[in-house]
Every structure is written in structure tokens, then in C-alpha cells.
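Structure, as C-alpha cells:
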Amino acid sequence: MKKSRYLWLLLALMVSMVTRAQGILGTVTDENGEPVIGASVVEKGNPQNGSITDFDGNFNVKVSEGTPIIISYIGFVTQEMKAVRGMKVVLKEDTQTLQDVVVIGYGVQKKSVVTASIAKVSADDLDGTAPVRMDNALKGLAAGVNVTSSSGQPGAASRIRVRGVGTINNSNPLYIVDGMPIEGGLDYINPSDIESIEVLKDAASGAIYGARAANGVILVTTKKGKLGKVSVNYNFSQGWQSAWKHRDVLNATEYAIMRNEALVNAGQAPLYADPYQYGEGTDWQDILFNDNAPVQNHELTISGASEKINYFLSAGYYTQEGIVGGNFDRSNYTRMTLRGNFNLNIFDDSKSRNWLNKLDIDVNLSYARVKSIGVGVNDQYGGLVTTAVALSPILKPYLETEAEQKAQDDYYYKMYPDYYTPMFYEGKQLALPGVDYNEFGNPIADLLAPALPGWSHKFVTNFAATLQLWDGLKFRSSYSADLSFWGNDWYSKVAYYKPTNIVQRSSAGSEADRGQVWQIENILMYDKTFGAHTINVVLGQSAFENSGFNVGASRYNINDYSKPWVNASLGLAADGDRDGWAGPTTKHTMSSLFGRLSYNFDERYMVQATVRRDGSSRFGTNNKYGVFPSFSLGWNVMNEKFLKQTNDWLNNLKVRFSWGKNGNDNIGDFRYTVLTQGGNNYGFGRGGAEQEIVSTKAAGIGNPDIRWEESEQFDFGIDFGFMNNKLTFTVDWFKKKTNGMLMTMAIPSYVGESKPIGNVGDMENSGIEFEAAYKFNIADAKFQIKGNASYLKNKLIKLGNDTGTATYDWVQGGVGNISRAENGQPWPFFWGYKTDGIFQNWNEVNSYTNAEGGLIQPNARPGYVRYVDVNGDGKINDDDKTNIGNGTPDWTFGLTFNAAWKGFDFMMFWQGTAGNEVFDATRRVDIASSNLASWYFGRWTGEGTSNKYPIWVNNDTENWKSSDLYVHDGSYLRLKNIELGYTIPDFITKKAFISRLRLYVAAENLFTFTKYWGFDPEISSGGTSLGIDYGVYPQPRTFRVGLNLSF
Amino acid sequence: MKRNKIYAIGLLALATLTTTSCSDDFLEVTSPSDFPIEEYYTKKEKIEEALVSAYAPLHWFDYGTTSNYNALNLSSDIMSDDMYPNGGNDADCPYLQLAFNYSVTPLTDITGIWLDSYSGVKRANDVIKYVGWATDMSETDKSNVTSQARLLRAFYYNLLWKYYGNIPFFFENLEAPYTTEQLSADEVYAKVIEDLEDIIDHGVLKDEWDDANIGRVTKPMAYMLFTEMVMYQNDQSRYTKALGYMQSLISSGKFGLLSNYADIWTEAGEWSKESIFEINYYSVNGGRAWDNGLGAGGSVNIRLCGPRGFIAKKGDPYEGVVEAGWGFGYIPPKSIHSFEDGDARKDVTGFDIWEHGDAEAMQDCGWMFRDKTPGNYYCNGKYLPLAGGNAGCTGAGDMNFNNNFRVYRYSETLLNAAELMLKTGGNASQAAEYVNQVRNRAGLASLNSVDQDDILNERRHEFMGEGKRYWDLVRTGNAASVLKAANDDLGFRTKDWDSHNKYLPIPQDNIEADPNLKQNPGY
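Chains as they are written, first to last, in my numbering: chain A, 372 to 1418; chain B, 9 to 531.
What follows is the structure in C-alpha cells.
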């Protein structure tokens, strides 16, 4: 920094020495009054006559007063003025150029000529949402992009779907960070290093990424320095997180009443003589949740630029404690990030010749170190959150008297003499709930168990050289590498935690993985305007390889728990007590050629064609290469003469249309060929002395024709700008059909082998997306409102297997399968019975009959649920299970409101969904002693008491099959972030050499409006489980204070 | 300036280099752990590995590829008059319950036999193909491997043919579109029997294996399979040949009857002189598990067909000897009562649950239970879950009982020979002598002469619970008269067998996936 300034000073001095003789003296400053060093000031029409501003922004040009001069500097709007002695020139930062450019993959494009559907999220947008990971960052900011947090666990990834679920297989979008595809460890990027995120939504924009673009492409561009000034920023925030909601469950008295009632209704004796003696009882959620869990963020960035070098350096440190178990070091996340982005101009002779005249080198270096640990989330089998809701409020977390301690110890010492030892927390002995609660143990005991901490290191570097070959013709060559190292270390301690977790032997294990990805790209770019014709051509080649290695070991019998390592354990390999594994992972390679031609006439008519040919190691022998074309058209109606007169109110009207084909190459490895497989052994030998003989065989039936999944998409969009673009509005309609989804082929089982996978399924998504923004001022106050909304309709056209159906998620205890795929339905949907109220009396039970007069529900009694005989066959069975909702929202929306007045700034970001359902699977129907949501108290207790919730009977599964009783409206509207900042006036901060100091307070998830009674309406744990609540780890409500400091 | 040019040209050169160095090879990626089959199966040692995998489906039947529990005795005897499906209730393994009552449909079929046998066929076909790729095998080596594979394939096809009749048939594995021609049952028979003849005549089948390889198929096993098929087909043209095979086994002196019938079913009785072919099951290091049901190890059929909820009476000789099972495949009291007095096989065949069980203590005794008096309920005494029968297993205890499944015993050789002798108009007294060897061993008096019915009756009692009876009834034309609901004195069977029941339906998914496939008549 210092050096470059010094250099400039020297240069400026040299220049000024030459030109001092005579002329106009003036200064150039930016809008903040900072001198602009190195700006060019030349006489109009005579560029040889000019000067460069010095360290103080001064210049001296040999022209007479009144001569037009041109003042220019990269990153600022060029100004033309008449020369006046002592003139003060204020250059405006050229924000327009930054905002009006869209990154499109292998290049940028002026927004006005973009013909595809691309959502752009800028650094400013991201600042308002304070995301931890870049995949979280997009939530609510881009139309057509649905982001669902998987949980509130620190560092948790999100599920991202661009324009719907494209396939029953992997629907994750492709991430390209500074030109490099990133497949794992997306959190290595500090979101505040991001300059912009572009989501390539339609096939036309994605086609440049060919075989990987079918589920959308997310382009991330990191920041660069800005010319002219060295900027040093330090950001700090400290937050406190808490659960924003507790589930409303029965208290001890209500619990005892319900248990008694259930038993009596089942013909058994009540359990609790006097329910009222228990009062409120234990609130297990209070025991579990870690309120005011801290989260802290530090960021330091230094950036700047000169004509020769542009740099952006950042360091970040983020640490977060989870609201479930964070206080036990069981749900924690720490990340350190380092980044250096450089652009170096090696030489620039573009003024003196027009061939081989400019060489630039871009370098991005980044490193991230992450340590994370998590508790099980969304887990019906004893997940902590589920446990806190399910444990009886009559139970106590700690044993309070010596008698209680003795009773528990005596019992467990007798039952589990080798494993049981009393556990203590904060000096209190933990009470164990006992066998009645199956997987639900004392959550504190679970949290005291050793855990599985993960670690990772990731380095990503990009080097690129751009050589200007000829006027408008550039060649760019790049090499990128991504080195990752990750793993985890675990151990277990001999202990009795709960009936389903009795650790009988200690063991230690470690696993370490390494992955390396490299990518080489060579691109030829041509960009030229001839009169009204502008042409842009990109031709390129790309190759990448992704490989890895995995090594691990495990061993029984830890010698001493202070050294919980494989090396410090005692198990012997000969006893099968020591195991190890190591080997490379399957490589993934890809080699591609691509080209794009963009043409526009007078910025009125635009046309763009893209084609990419990808060869992939994953593709079958008969389809090694795929070609992915796209085509798009645009018409800037506004630039037509006949619309000129509307300019005062309508100033932008663009119509876009695009079509294209993209591929999804996430199809697994070697599915086209047949490899060997072991483990189909047979024992030979005489009775009692048989020996297992090792065998191998063909692993399956290959399908040499297997190919990528392909999506074909149409998009039609219109962009509007009103009132000098103060109000903008964009609407896009799309229809996307995925063809050839991979599924086990419906071939006869007599082939005698597991059936091959084939491109046999089809899926369709269609939708409409809106984006609008409005900027306005009232007196000194500036306001901006930006919003987006998208509507999505998904349909599985053909699953491609024998039956056209598949069942997925399962709930324990007679509930059974709850999600399903079926041709013609959204994928997936909640699968269960429809209910039609409660039988109020015997008369109603007996009159619910089929055509033959038989009872449709012969097992029913008054108070039982009336199931709808959907197929009308006169009985209730699996065939009556139907679509009772699904977790995919119809509508997704986001709304940002900004206001600024004097030093104050205010921001609100709302985000939500509508039309999605939640399947509440948090109650373990098979565990009779588990606690209940308080709405169970509204159960049927006699004629007319309830027409929704059935009679409460112990071990009743009849009324608790998968049905719409479990399905709730999951729509929500959430104030994701609200922030109020104040920038200390610079006349105060200047004294401390501080150019800007902003203080702020903020809150995340301050309000959530939802009808869903659970912890969080936002639920996803991967696969098909969107919207299925097994006890989700809620997102915390966070209050933050912070500061932004600039020098 | 000059230097810049050099930089620029150097960069261009580098770029060109990197561009051109990427070729098709770059996209060829190999698996880090497995091998392409064409490269792998070129050596004898590796082809032997593939051959072992063709044996593996033999031990799957008792579990089935998808826990169908289609052991070769259980899945066929339930269709005879000598076995009930039982289990926990009338929906426990419903295909077994339905097959018992001749009510299976294409959707509720016994599918384990289908899936396992076709897996065997597929693997055997592969082995035969791989032998053609071998570079280090002598013609004898090749014939040795190929003969075993072909014989195994014939064994699997025999099952498919008997159970399902008109089946898709192929000697070379299927490629896209993965369908093949369906043959009539007679055509299947013709193909398989010709192949068997060729293996027997030209193959290098061993008469016996050394101890380490016991369990592999042999020439005697081929003779038994050939005879079984010929007799099931009632193929008079091959009776003489089959009889010749039987007599060569008898005259070889390598086989004989154990003096004590009960000894056959002990571990020591495995691969005894009476044994011609068995499916090996073992418990020591048996790795079969619920998540590895096709793994090598013991048998689950033993637990499956053990007495449900069994608790021995205090002081009973079976206390601590017989463990409880899941109560499938009981033998009807009527069948046990049909043994002649003094038949030593009676008590071995029927384990009288109420004679040994503690009626007070036993709670869940399963479906089809009536009253708890001795002489009323029997489970299959030949394959009892004995305490320690699964000792030493590393997988699931329930799945690793060490009882080999007896496929062909020497007593069947004798009874086959007797029957064929009658059918070919041979020496009737020799036939009676063969039958009397079997009778005498069971402690029964000799018969002066035997007819077809005597032999059938002898077979019933000799092989009760071994999966022979149903096929005997079908091939002798007695099925329709014997397998009547009225003949089930406990009244569980409500439907009569009719001729369409000779074949089970072809499992529905095959019909859907192969439009040319015709369902068996009557379904």
C-alpha cells in the first residue's frame, strides 16, 4: 500500500515537474473530498496534451481558460469541463457501471442487453442478511431460488433448489466461485468477501456450463480493490442467540391426566393417583436450550488499486455456539478465512500498438479452516430436540435426594454392573428416564457423551492471464486448484446413557480425507462494436479433474480417556479390535469445449447462442460427450423510436425469450460399465469345518447407453423500468422439463441381477417469478424497497420404475411410510389418509358402511377418526392413502426495505413461503409414555367434544396412522434481519484518522409468523424429507451489536 | 518490449500445450477398488472366484433375496398335504399362506425361488462366458469349471421349471432390452435335459471332492438331478438312462444308508455316505446378518421352522436342547399319524411340541394352534433349532444355524431306481429289494412286492419335510385327488388343488416389464 502510494507520488512529481511551466491549476477529489491520485486530465481533442494528478490531487494542464478538458479515472465517471484556473473537479464513483453489469459465466454482460434469466445478488444485498455461508446467503434475495435451512445448527448447510426440484436424484446447483467449480465445503468463503452472486436460472444462461447446469448455476464473484484509494475496513459483531419459540407441551398435571385417561380408555388401570400433585413439572426445553449462546464475527479487509495493481485482502474469524448443546461444546462452529485477490497489469502498450499489447494476471488465493461439531438433528430416534419435547414433565433432570440417588445407582449397578457409572453435571447427579422412554434419555447425559468433531482445511487458488491479442480480441488462460483436507476424530466411553445407548467397550477412531481439484481453461474472447452492431464471441476449452483419498482407523479399548486416540488404544488386530481403511476415491474428470455468440443491433435487438460440448468420466461409453445448446432473443422495445415519448414515465421495456438444454452429470460413477464385486461367498467343506470361500462376480448389469439427465427449459421475461428506473419490475415465466432422470430400469427380474440404472424418468417444473424495486426520497431521507416472489409448480411425469411409485420417509410406531413419489403428482408428497372428523357415537360408526352394508371401519369406536374411503372400495387400507400435502412451497418471497437519513440507516429483510405443509412426526406413537403437544388436550372425550382430535387411548395406532392430522400449514413470514445503524459524523472520526465509523444493532429472526406450532416451519434434512419435522433444531433468534470501521 | 513479446508467446505456447494434452484418455477413469470384468476374468484363479458366486444362490433360498423364506422344503411342502405354513398369524409371510391354499396371485407370489434361481442362472452363464476369456487354463480346467457352472445352472432351471413352468430361458445373459423368449415347460425340460446329458457325457464332473471342496456339484448329483427331472416330466424315453444312472450309484459302493435314520440329521450326518448333495450351512464364522441376508454362513430356515414360543417341560430330554423358533412349516398331525407303527422315522420327522413343551409357560404359539395336548402338533424334527446350532457365528444368531440342507440322499437313489425299474418293466423283486432297504433301515418289515403306490407311500414317509412330496403328487397325477380341502382335517385349507396350480404364476413385475411374457394359464 505504502509502496504504491510512494510510486504514484514519484510519478506525479515527475510529471508535474515537466508540466509545471504554465497552464491551468486545479484539483481532483472524489465525492468524499479525498484527493484522486493519478487521474488523467487532458485537452479535449488533443490527448497528447495532458497531465496526471499528484498526491494531493493537483494537476496542471497547459491550456487556456475555457478550453474543454476531460478528466478521467478508472472507476469514476469521466467528466468534461471547461478549464478554469483553480478549478475543483469532483469525480463521481462510477457505480452505474458496476451495477449494470451482470456476470454470465466466462464474461460479463451489460444488463441492458442480457437476454437470459439471471438473478443478481450484490454485496449490498448480502450485507443486509449477515449470512454465515454463501448457500444461506441467497435466501429470499433471488426470485426462483428456494433456500431451506437444514437446521439451526451452527454452520449448517442449506438446501438450494433453483426453479424447483429438477430430479429425484441430486438437484443441487453448480457453484462456480471466481470461475472455479466448488463441490464440497462451500462454507470456505466468507460471505463478506463476495462482490456478487449471479444465479443462472434459465437454460440459456446455464448452457455455457453444459452438463452441470441442469439444476441451475450459482456464480460467485469475490471482491476486488477499488481504484484510487486504499481502503481498510474492520467489521465486528457480537450476537446472542436463543430459541425463539418453545413448543407448547403438556405440563405435569395435564400429562398425568392424559396418561390416566389413555390407560382407562384402553381398559387398564390409571397410573397416577392424583395428577394435580405434580403441578407444572419439568420444562425439558428449558433444560435443553442454551439461551444467549454467543456468536462473534471479525473481519479485516484491505483493498485498493492503481493502474498496475488491484488488490483485496481479507481475514475473517467467525465463531458460533449452538442453542442446543453449544454450552457442552457439542454444537459449535469456528471458521477462519483468509483471502488475497490480485489483478496485476504486467504491461499495457495499448496506446502504442494494437497487437499483443496488454497482459493482465489475476490471482485469487483463499484459505479456510473450519472446526465444527454437531448434535443429531431432525431425528425421530432420540434427537435432542425431540427428546426435550417427549420426556415426561413429571421426570426430573437431576436426582435431588440421596435416596433417589441410591435407588437409581442400586438399580443400574445391578443391571449394568460393567457399564453404569453415575453422571454429574454442575455437581448434580443426572436422573435417567428409564426403559419406558426408549431412545429418549436425559438430554444432559447425551450431551455429556464424547462427540464427533470435524475439521477441515481448504485452499482454493486461481491464476489467470489475459493477453490482448488484437483490437477487441483477448486470450485468457487460467489454472485453478482446490485442495481440501477434512476429517473427524471420535471416541466413545464405556457408559450407560439410555436403554438404546449402552457403550460396552470404549473405542477411538479417526478419519482423514483429502481432495484435490484442478481446472485449466483457455478462452478466446472477441468484443467489438461496428456502428450499431455489437458482437461478442467467446470460444473456450476447459478441463478439470477431481480426485481424493480417504484414510481412517478405529480401535477398541482406549487405555486412558485423556488420550482418546487410535494409537493410544489397546485393541489388537488379531482380535478384530483394530480396523483401518485407506484408498483413493473415484476420480471425476471432464473435458469441454464451449462457445457463445452474442450480437445486438443498436441495443434494440439482441440474440445470443451458446453451445457446450462436455466429455465426462461419468458418462457411458456410448455417450461420452454431450452437446448442450441454447438460444435466446431480446428486444429492447424502449429503444424503438415509437416509444421515445414515454421516456418520462416508462424508460425501460425489454422482452426476453430463451430456450436451451442443460445436463446433470451427478449420475454416479461407472454406471455404464460392469465392475467386479466381492462378497457373494459360499462355504465349502465337510460338516462343521466349512470354510467361506471368497468370490467375485459382475456387480450388476451395465447400461452402456446411460447418459446425463437433461433438462430443457423455456423462459419468457419482461423487464420494466419506470420513472428513470426508480421503479423497476421484472417478470419471468418458465417451463423446465427434465428428461431421462436416472432410475432403476423397469426390466424383468429374470435378468438375474440387480437391474441397471437407466434414463427413464421425467419431471416438470414451471413457474413465474417477479422482482420489483422502488427507490424514492423524501426530503433528506432515502428509501428503497426491493422484493421478489416466485410461484412454482412441480410435477413428476414419470418415475420410470415398474410401478410408477416409490415410498420414502418412514415414521416409527404404526404411522408407516409418509412420503411418496407417484406419476402425475408433485415430487415428493406426504402420503396418508384423509380424515373426516370423529365418530361422535355408535350410530355414526355403524352407519359408515360400504355398498354391501359392511362397516368401513370395523375397528372404530365412538371418538375414533373417520377415515375417508378415497378409492371407494368399501374398506380402509393402503390404497386409500393419498396426497395430503407437500413440503415444497407454492410461493417463495423476500422483501427488503432500506432507509437512510443523515447518519442513520435502517434495514429490514422479510422472507417467507406460502403453500407448503409440514408433516409433524415429532410424537413417537410407539412410546406411550412420551409427552404430548398441548393440543392433544383437546381430544375427544364424549359426544360433541371434538370433531378433530380422537379419543386418547393407550398404544392406539388405529387413530394415528399417517393422515392429515399430522399435516400442518407450513407457510411463514419471517423478519429475517432488521438492522439500525448510525454513522458517526466524519468531522469527529476524522480526528482519529477514521474515515467512517458505523455502529449498529441488529436482530435476526425477530418475528416469525406461522400457523405451525413446531419449533421452526423451515425444515429440511436432505433427500425427500423436505417439510418433515422429526424434531428440527430451530434457527435461533439473534440480537447483534456491531461496528464497521474504515480508515 | 521484446521481453513482453516473449512472455506473451510463452504464455500462448503453454496454453496450447495444456489444451492439446487433454485427450480421450483423460476421460477414462478407473475404479480405485474394482475391476472391469473383461480385464479381470482372464485368469483361472479369478474365474474360480466367479464360480463360487454361482454357488452362492444355493444358500439364499431359505432367506430369499428379499426375506421371502423360500427354503426348498418349506416352499414346496406347504403345497402338499404334509406341511402347514403356520407362523405368527395368517398374514405372516402371506405368500406362504396363500401358496398353501392355492391362492397366490402374480402380485402375491412366492418370488424367492424365482429371484434366487435366476441369479444362479445369470452367474453360471457369466462363468461360462468368462472361461472363454481365460488365458491360462487348460482344456480340462475349462471343462471342470464349465461343467460345474452348467450343472448349477441346470439345478436352478430345474427349480424354475418345476415351480413356474413356462419361463424365460437363456444360456447367454441378456443385454438391452433385457428380455428373452419364453419357453413352454416342455421346451424348458428339453433344453435342460439335453444340456445335462451333454455335461454328463462330455464334462469332467468329479465323482467326489476332497474335504476342502465338499459342497461342490458332482457327477452323482448330476445323475440325481437328471433322474428327478426325467421322472417329473414322466419322460419314458429317458427312464432307462436314468435307471442306469441310479444303478451305477448303487453299484459304485460309495453310498449307503446310515443305520440310524436320526443320525442323518445330525451334524455328523452331513456329507455322510448317505448324502449325495447338500447345500452347505455353517455357524462358525457364519456371517449372515439381517443387513447381509445373502452372506455366507448358516441357515435361517431352522429358526423360522422351529417351534414357536417353545419352552421345554422341566426335566424333558429336550430341555436346553431345542430352542424356540418362529413356528413355520409344521407337519400336520394327520401326516405324522400316517406312519406305520414302529416306523423309526416317525419321531424323527415330527417333533411333538406338546409332548416336550410346557403348555403353561408357552404363550405365543403361533397361528393354527388348537389344543395343547400331545399328538396334536408337530414341527419338522429334521431341522430343529438346537441349542448351540448357531455357535460361533459372527452375524445374526437367528440366521446362522449350521444345518446343511439335504437335497439328495441315497435313499432317494434307491427309491428312484425301484420306481424306474417298475416303469421300465424291469426286475420287480429287485425293485422291492431297493424299497425294503429303505424300510428295513426304518425298522419296518420287508414287502414282498411293491407297486407305484407303495413307492410313493415310502417316499412320503422317508422324505417328509424334505421338499419332495408335492412334486411326487404332481408327477404321479395324484395331486388333484390328494390335495383337496376336504383332506385337511384341521380345515385350514379351503381350496382344492387343480391342474393350473401345477405352476405358480410368473411374478407380476416380469409380466409388466416384458410385454411378450405370457402369464401361466389360470392366473
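For every residue, glycine included, the Cβ atom is placed at its ideal position computed from N, Cα and C.
Comparing C-alpha positions only, which one of the options sits nearest to residue i?
{"i": "B/Leu265", "options": "B/Gly301, B/Asp379, B/Tyr418", "result": "B/Tyr418"}
{"i": "A/Tyr790", "options": "A/Leu1370, A/Arg876, A/Ile732", "result": "A/Arg876"}
{"i": "A/Gly697", "options": "A/Thr956, A/Asp719, A/Phe830, A/Val666", "result": "A/Val666"}
{"i": "B/Asn133", "options": "B/Thr421, B/Val153, B/Thr143, B/Ile339", "result": "B/Val153"}
{"i": "A/Asn1176", "options": "A/Lys1164, A/Asn1130, A/Thr1115, A/Pro1229", "result": "Here residue 1176 of chain A is Thr; the residue named in the question, Asn, does not match the sequence. The option with the nearest alpha carbon to A/Thr1176 is A/Thr1115."}
{"i": "A/Glu892", "options": "A/Leu1416, A/Tyr477, A/Tyr1337, A/Val516", "result": "A/Tyr477"}
{"i": "A/Ala584", "options": "A/Thr593, A/Leu590, A/Asn917, A/Pro544", "result": "A/Pro544"}
{"i": "A/Thr500", "options": "A/Phe1280, A/Gly550, A/Leu1014", "result": "A/Phe1280"}
{"i": "A/Asn930", "options": "A/Lys864, A/Tyr688, A/Asn859, A/Ile1168", "result": "A/Lys864"}
Are the CB atoms of residue j and residue i within a distance shorter than 8 Å?
{"i": "B/Pro176", "j": "B/Pro513", "result": "no"}
{"i": "A/Tyr1307", "j": "A/Trp1331", "result": "no"}
{"i": "A/Phe1410", "j": "A/Trp611", "result": "yes"}
{"i": "A/Asn540", "j": "A/Glu1080", "result": "yes"}
{"i": "B/Val196", "j": "B/Arg161", "result": "no"}
{"i": "A/Tyr580", "j": "A/Val570", "result": "no"}
{"i": "B/Ser267", "j": "B/Arg447", "result": "no"}
{"i": "A/Ser1003", "j": "A/Ser962", "result": "no"}
{"i": "B/Ala488", "j": "B/Thr502", "result": "no"}
{"i": "A/Glu1288", "j": "A/Gly1256", "result": "yes"}
{"i": "B/Ser3", "j": "B/Asp70", "result": "Summary: the structure shown does not reach residue 3 of chain B, with chain B confined to residues 9 through 531, and so no result is reported for it."}
{"i": "A/Tyr1337", "j": "A/Ala1304", "result": "no"}
Please classify residue i as buried or exposed, where buried requires at least 16 neighbouring CB atoms within 10 angstroms.
{"i": "A/Asn1221", "result": "exposed"}
{"i": "A/Ser940", "result": "buried"}
{"i": "A/Ser988", "result": "buried"}
{"i": "B/Ser260", "result": "exposed"}
{"i": "B/Pro529", "result": "exposed"}
{"i": "A/Thr992", "result": "exposed"}
{"i": "B/His364", "result": "buried"}
Residues from the stretch 971-994 of chain A in contact with chain B, defined by Cβ distance under 7 Å: Gly986, Ser987, Ser988
Within the stretch 444-483 of chain A, ranges of the alpha helix (DSSP H) (whole runs, at least 4 residues): 466-470
For the stretch 408-423 of chain B, which residues have a CB atom closer than 8 Å to at least one CB atom of chain A, in sequence order? Asn410, Asn412
Short-range partners of chain A found in the stretch 203-214 of chain B, where Cβ spacing is below 9 Å: none
Any alpha helix (DSSP H) of 4 or more consecutive residues that is wholly inside the stretch 426-479 of chain B: 436-449, 460-471
Could you name the residues of the stretch 1204-1236 of chain A whose beta carbon sits closer than 7 Å to any beta carbon of chain B, in the order they occur along the chain? none
List in chain order: all unbroken alpha helix (DSSP H) runs of 4+ residues lying wholly within the stretch 261-326 of chain B. 309-312
Quick check for students: name the residue ranges of the alpha helix (DSSP H) that lie wholly in the stretch 35-108 of chain B, counting only runs of 4 or more. 45-48, 52-63, 82-85, 102-108
Tell me the start and end of each unbroken beta strand (DSSP E) in the stretch 540-587 of chain A that is at least 3 residues and wholly inside, in chain order. 545-548, 565-571
Completely contained alpha helix (DSSP H) runs for the stretch 1220-1300 of chain A, where each covers 4 or more residues: none
Residues, ordered as in the chain, of the stretch 128-160 of chain B that lie near chain A by beta-carbon distance below 7 Å: Val129, Lys130, Arg131, Asp134
Could you name each continuous alpha helix (DSSP H) segment of 4 residues or more that falls completely within the stretch 351-382 of chain B, going from the start of the chain to the end? 353-357, 361-364
Which runs of the alpha helix (DSSP H) at least 4 residues long sit entirely within the stretch 1333-1402 of chain A? Give them in chain order. 1357-1360
Can you give me, in chain order, the residues of the stretch 275-294 of chain B that have a beta carbon less than 9 Å from any beta carbon in chain A? Glu275, Ala276, Gly277, Glu278, Trp279, Ser280, Glu286, Asn288, Tyr289, Tyr290, Ser291, Val292, Asn293, Gly294
If the cut-off is 9 Å on Cβ atoms, which residues from the stretch 1039-1056 of chain A count as contacting chain B, listed in chain order? Asp1040, Phe1041, Thr1044, Val1045, Leu1046, Thr1047, Gln1048, Gly1049, Gly1050, Asn1051, Asn1052, Tyr1053, Gly1054, Phe1055, Gly1056
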